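Chemist: According to the numbering used here, the sequence shown is numbered sequentially starting from 81.
For each residue, glycine too, the CB sits at the ideal point set by N, CA and C.
Computed from a prediction, not measured in an experiment: that's the story for all the values here.
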Amino acid sequence: MRKFVSGVIALMIMVGLVTTVLASGRSSMPDVTFDGIEGERFRLADWSDKVVLVVNTASLCGYAGQFEEMQDLLDRYYDEGLIVLAVPSDNFRQELPTNAEVRRYCVMAFGIEDMPMAEITDVTGERAHPFYAWLRDSYDFEPDWNFNKVLLGRGGEVLHTYRSSDAPMSDTMRHDIERALRG
Numbered sequence: 081m082r083k084f085v086s087g088v089i090a091l092m093i094m095v096g097l098v099t100t101v102l103a104s105g106r107s108s109m110p111d112v113t114f115d116g117i118e119g120e121r122f123r124l125a126d127w128s129d130k131v132v133l134v135v136n137t138a139s140l141c142g143y144a145g146q147f148e149e150m151q152d153l154l155d156r157y158y159d160e161g162l163i164v165l166a167v168p169s170d171n172f173r174q175e176l177p178t179n180a181e182v183r184r185y186c187v188m189a190f191g192i193e194d195m196p197m198a199e200i201t202d203v204t205g206e207r208a209h210p211f212y213a214w215l216r217d218s219y220d221f222e223p224d225w226n227f228n229k230v231l232l233g234r235g236g237e238v239l240h241t242y243r244s245s246d247a248p249m250s251d252t253m254r255h256d257i258e259r260a261l262r263g
């Protein structure tokens, strides 16, 4: 009987170790920097004490109206610690040709003035920015269209991913953001 109990305990310990290894199999966020649309640089590690919503965007996409909701989120929750980072991308062939045109269009059409915005960046495929390559490799998440969203908690852990159709000001996203800001 003792051998059986010892065997069961050993098996439980091994299962626990395997479960721990599998659960921790996702690598921590790399120390990545996005080049800003106006020449600045955004290092995600500098926002480690913030909740960050990263959104791959495209000016000519049917979802571009979400820029307004992204700005609304930023305005509403900035003082509580939210950053919204727009990452323009032409991977789906719906972005303007230059960074200057993207910036000008977003300011004029959507009133985006103080939202951090990266330069036009690859978010899919072999040339994907290191952040998006990490998401693909560690979380099996790769944008399948414009306006996919990734919510990072304080410390950089991925809390949620959202598809294009998930509106930034939806009850679900606001609830997730509020919970992340509290925790």
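With the cut-off set at 8 angstroms, would you say L153 and V167 are in Cβ contact?
Modeler: The residue labelled residue 153 in the question sits at position 73 within the sequence shown. The residue labelled residue 167 in the question sits at position 87 within the sequence shown. Taking 8 angstroms as the Cβ cut-off, L153 and V167 do not qualify as a contacting pair.
Chemist: Check L153 in the structure and name its three-state DSSP category.
Modeler: Your numbering for residue 153 matches position 73 in the sequence shown. Three-state result, L153: helix.
Chemist: At the level of alpha carbons, what is the spacing between D251 and E181?
Modeler: One-based indexing of the sequence shown puts residue 251 at position 171. One-based indexing of the sequence shown puts residue 181 at position 101. Rounded to whole angstroms, D251 to E181 spans 32 angstroms at the Cα level.
Chemist: Comparing alpha-carbon positions, which option in A213, D246 and A198 lies nearest G205?
Modeler: Position 125 of the sequence shown holds residue 205. That would be A213, whose Cα lies nearest to the Cα of G205.
Chemist: Given a cut-off of 8 angstroms, decide if N136 and V203 are closer than it, judged by their beta-carbon atoms.
Modeler: Start at 1 with the first residue of the sequence shown, and residue 203 comes out as number 123. Start at 1 with the first residue of the sequence shown, and residue 136 comes out as number 56. Yes; because the gap between Cβ atoms is below 8 angstroms, this pair is in contact.
Chemist: State the start and end residues of the unbroken alpha helix (DSSP H) segment that holds A180.
Modeler: Here residue 180 is taken as the residue at index 100 of the sequence shown, counted from 1. Unbroken alpha helix (DSSP H) run through A180: N179 to F190.
Chemist: Between G233 and the rest of its own chain, which residues show a CB-CB distance below 8 angstroms, the 5 nearest in sequence each way excluded?
Modeler: In the sequence shown, residue 233 corresponds to position 153, counting from 1. Closer than 8 angstroms at Cβ, skipping near neighbours: V131, L239, A260 and G263.
Chemist: Please check the pair L133 and L162, which I expect to be a contact at CB under 8 angstroms, by giving their CB distance rounded to whole angstroms.
Modeler: Taking the first residue of the sequence shown as 1, we reach residue 133 at position 53. Taking the first residue of the sequence shown as 1, we reach residue 162 at position 82. Rounded, the Cβ-Cβ distance is 7 angstroms, consistent with contact.
Chemist: Check this for me: beta carbons of I192 and Q151, under 8 angstroms apart or not?
Modeler: Position 112 of the sequence shown holds residue 192. Position 71 of the sequence shown holds residue 151. Against a cut-off of 8 angstroms, the Cβ pair of Q151 and I192 comes out as a contact.
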